[in-house]
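Chemist: For reference, the structure I am asking about is given below.
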Amino acid sequence: MRELEGSMMKNNRAENINNRNLGIMGRFLMMVLAAMIITTVGAPVAQAQLEDVKKPEPTVPQAFTLQGEFVRMAYNNEGFVTLGYRVANDSVGDEWMLLEMGVTLQNKIKAQDLTREDLTLVTPDGTHIPLAAQEEFNKANLRALDRRATMVRDSIDYFPAGVIRARTMNFFADPSGKARTLAYDQVSLHYQHAVMGRIYFRVPGGIKVGQHWVYVQFADSVVQVPFRVFTKAEEKEFRKMWKTLKKEHEEGVE
Numbered sequence: 073m074r075e076l077e078g079s080m081m082k083n084n085r086a087e088n089i090n091n092r093n094l095g096i097m098g099r100f101l102m103m104v105l106a107a108m109i110i111t112t113v114g115a116p117v118a119q120a121q122l123e124d125v126k127k128p129e130p131t132v133p134q135a136f137t138l139q140g141e142f143v144r145m146a147y148n149n150e151g152f153v154t155l156g157y158r159v160a161n162d163s164v165g166d167e168w169m170l171l172e173m174g175v176t177l178q179n180k181i182k183a184q185d186l187t188r189e190d191l192t193l194v195t196p197d198g199t200h201i202p203l204a205a206q207e208e209f210n211k212a213n214l215r216a217l218d219r220r221a222t223m224v225r226d227s228i229d230y231f232p233a234g235v236i237r238a239r240t241m242n243f244f245a246d247p248s249g250k251a252r253t254l255a256y257d258q259v260s261l262h263y264q265h266a267v268m269g270r271i272y273f274r275v276p277g278g279i280k281v282g283q284h285w286v287y288v289q290f291a292d293s294v295v296q297v298p299f300r301v302f303t304k305a306e307e308k309e310f311r312k313m314w315k316t317l318k319k320e321h322e323e324g325v326e
């Protein structure tokens, strides 16, 4: 009976977290839209595009926050994920999407493995794209993309206080050829360790503007990390209001 009550309390807390964050994201996007509508009066095309902007709605209980202009963080009672997507936002139309990702487990969660199959990109039209294979990654010759990411990368080093060590997520071998790295099909997760690295998805038809997700499958749950690839107008207004938006979001989380 105690185990059942404990499980119900955890589920209720998770649902409360999810509902609270949806409300926060609703206010967050409304502020973006309000600012953009004010600055685009007399521009029917821009206003028409804004009608498609909706708040991200995960299908699982989780929490979500912003750590940078292009850094997102999502977590539940089992797993914790940070995601950087600045290069992806600047790659609209390109076939390959590069993301910076960090993963760890929540405190005292049993160690587990994260495999290639556990990572999925969901595009604005709902298409689910698996992580690229090392073979197709090699054929694509993405050294230029990788160099660009190195020049403009954002820190994704945002993890729970219990994390005391960082390790590399080697799903892909170093495309520069400077380091003798090997690609692996899985990485071990531990609540005291954060694994970080670049992940790549081949997007048929090219990267589109709109709401994207990275689904991370843990042993008993899924974390869905939302990130939006902006139009130029959206990005311009987002940058202007970034500090205000972040403050609003953090106040809502407290």
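Just so we're on the same page, the working numbering is the position in the sequence shown counted from 1, plus 72.
For every residue, glycine included, the Cβ atom is placed at its ideal position computed from N, Cα and C.
To the nearest angstrom, how far is it from the Cα of Trp-332 to the Cα of Lys-127?
Modeler: A query on residue 332 cannot be resolved here, the shown segment of the chain reaching from 73 to 326 and no further.
Chemist: Does Asn-179 pass the burial test, meaning 16 or more other C-beta atoms within 10 Å, or should it be called exposed?
Modeler: If you number the sequence shown from 1, residue 179 lands on position 107. Exposed, by the Cβ-count rule.
Chemist: Within this structure, are the beta carbons of Val-45 and Val-175 separated by less than 7 Å?
Modeler: There is simply no residue 45 to check, as the chain begins at 73 and stops at 326 in what is shown.
Chemist: Could you check the C-alpha separation between Leu-56 and Val-143 for me, to the nearest Å?
Modeler: In the structure as shown, the chain starts at 73 and stops at 326, and residue 56 therefore has no counterpart that could be examined.
Chemist: Is it true that the CB of Val-281 sits closer than 7 Å to the CB of Thr-316?
Modeler: By one-based count along the sequence shown, residue 316 stands at place 244. By one-based count along the sequence shown, residue 281 stands at place 209. Not closer than 7 Å, so no.
Chemist: With a 10 Å radius around its C-beta and 16 neighbouring C-beta atoms as the bar for buried, classify Leu-193 as buried or exposed.
Modeler: Translated into positions along the sequence shown, residue 193 becomes position 121. Per the 10 Å Cβ criterion, buried.
Chemist: Quickly, what does DSSP pair Leu-214 with across the bridge? List them, please.
Modeler: Numbered from 1 along the sequence shown, position 142 holds the residue referred to as residue 214. Per DSSP, none; premise fails for Leu-214.
Chemist: Is there contact here, the region 280-298 with the region 223-238, by at least three beta-carbon pairs under 8 Å?
Modeler: Not touching, per the Cβ criterion.
Chemist: Please return the same chain residues whose Cβ sits closer than 7 Å to the Cβ of Tyr-263, not counting the five positions on each side in sequence.
Modeler: Along the sequence shown, read from residue 1 onward, the residue named residue 263 stands at position 191. Once the five neighbours on either side are set aside, the close Cβ partners of Tyr-263 are Thr-176, Leu-177, Gln-178, Asn-179, Lys-180, Ile-181 and Gly-234.
Chemist: I'd like the list of long-range same chain contacts for Thr-240, defined as Cβ closer than 6 Å, with 5 residues on each side in sequence excluded.
Modeler: For this step, residue 240 is matched to residue 168 along the sequence shown. Gly-269, listed in sequence order.
Chemist: Run through DSSP, which three-state label would Met-313 get?
Modeler: Position 241 of the sequence shown, counted from the first residue, corresponds to residue 313. If DSSP states are grouped into helix, strand and coil, Met-313 belongs with the helices.
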